[in-house]
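Working notes for the structure below.
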């Protein structure tokens, strides 16, 4: 139904927009002395605890999963969330933020190819055109052309690993959504991410002061807005639209991040970046369902 399709697009866009505000909390926690991996771990554990509280209040039965289905959540939690974060932060450290950002947003291309194999989604001209516009737009928004480009083969491969890992959430999340509610998928995603991240995050360091009021508020904010709400909206929308289209819509994240930098941190935005924003928003509009078309994945149930 057209209404359901529009709602799915809206949910994915809201989720991606919430991901775009993560920079605020990351900046605050970085200033408090936390490393990148520690921040990712704090995000995972706070999200897990918040999802747990939500489920206990709403419906504890949502915690039940079949052991044979654990691979869905190993995919979303370890292969996606944990792996792409490690690759992303490593690329930032070995190259630049601009390069890391544009390599991360090769994700829609990976989703497009994998979805055509796993879900038999069609590689339409519309999707390919939107993907091209997305890549150009993200390149311009990231400021890639103004960066001093020094990229080793290792950094390139790790950066592409970030894009691949990022794409896997759309794949595993869509597979899981055929059997489980959004809250179930989300809590187990962050449960496994938390377990995978703890050994490499050095959270046992004596310098860590998580329970300082200012730090605790930022940890809760990080877990709630760009994580709990973001993943809930994205996964809910993912149930009712092509994974490849959801991945393209999600590229509004760097647009939101850029605009937030302008408003909160007085960061300037160039004409080139403005053009990039137009490309990304244009790609999102391009792939929306036209009136009269049906949802292409009728096997996914609407479980509002």
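In this note's numbering, the protein residues as written are 7 to 310.
Glycine included, every Cβ here is placed at the ideal spot set by N, Cα and C.
Three-state secondary structure (DSSP) at residue i?
i, result
"residue 268", "helix"
"residue 75", "helix"
"residue 200", "helix"
"residue 231", "helix"
"residue 191", "helix"
"residue 210", "coil"
"residue 246", "coil"
"residue 221", "helix"
"residue 100", "helix"
"residue 280", "helix"
With a threshold of 6 Å on Cβ separation, who are the neighbours of residue i within its own chain once the five nearest residues in sequence on each side are excluded?
i, result
"residue 268", "275"
"residue 262", "23, 26"
Measuring straight from C-alpha to C-alpha, what distance separates residue i and residue j?
i, j, result
"residue 264", "residue 70", "40 Å"
"residue 127", "residue 248", "7 Å"
"residue 22", "residue 28", "10 Å"
"residue 38", "residue 10", "43 Å"
"residue 222", "residue 201", "20 Å"
"residue 110", "residue 182", "23 Å"
"residue 279", "residue 285", "10 Å"
"residue 45", "residue 239", "22 Å"
"residue 145", "residue 112", "10 Å"
"residue 1", "residue 213", "Given a span of 7 to 310 for the chain in the structure shown, any question on residue 1 remains unanswerable."
"residue 133", "residue 293", "6 Å"
By Cβ distance below 7 Å, which residues in the same chain neighbour residue i in space, the five residues on each side in sequence not counted?
i, result
"residue 53", "196, 229, 233, 234"
"residue 253", "113, 114, 117, 173, 176"
Could you confirm whether any beta carbon from chain D is found closer than 8 Å to the beta carbon of residue i?
i, result
"residue 11", "You won't find chain D in this structure, because it holds only one protein chain."
Less than 7 Å between the CB of residue i and some heavy atom of the ligand GTP, yes or no?
i, result
"residue 21", "Because no ligand of any kind appears in the structure shown, any question about the ligand GTP cannot be addressed here."
Report the start-end ranges of each alpha helix (DSSP H) in the segment 18-95 that is 4 residues or longer and not cut off at the edges. Those alpha helix (DSSP H) runs which fall completely within the segment 18-95 and span 4+ residues are 28-37, 42-64, 76-80.
Which ranges does the alpha helix (DSSP H) cover as unbroken runs of at least 4 residues, wholly within the segment 111-187, from first to last along the chain? Entirely contained in the segment 111-187, the alpha helix (DSSP H) runs reaching 4 residues are, in chain order, 113-124, 131-148, 159-183.
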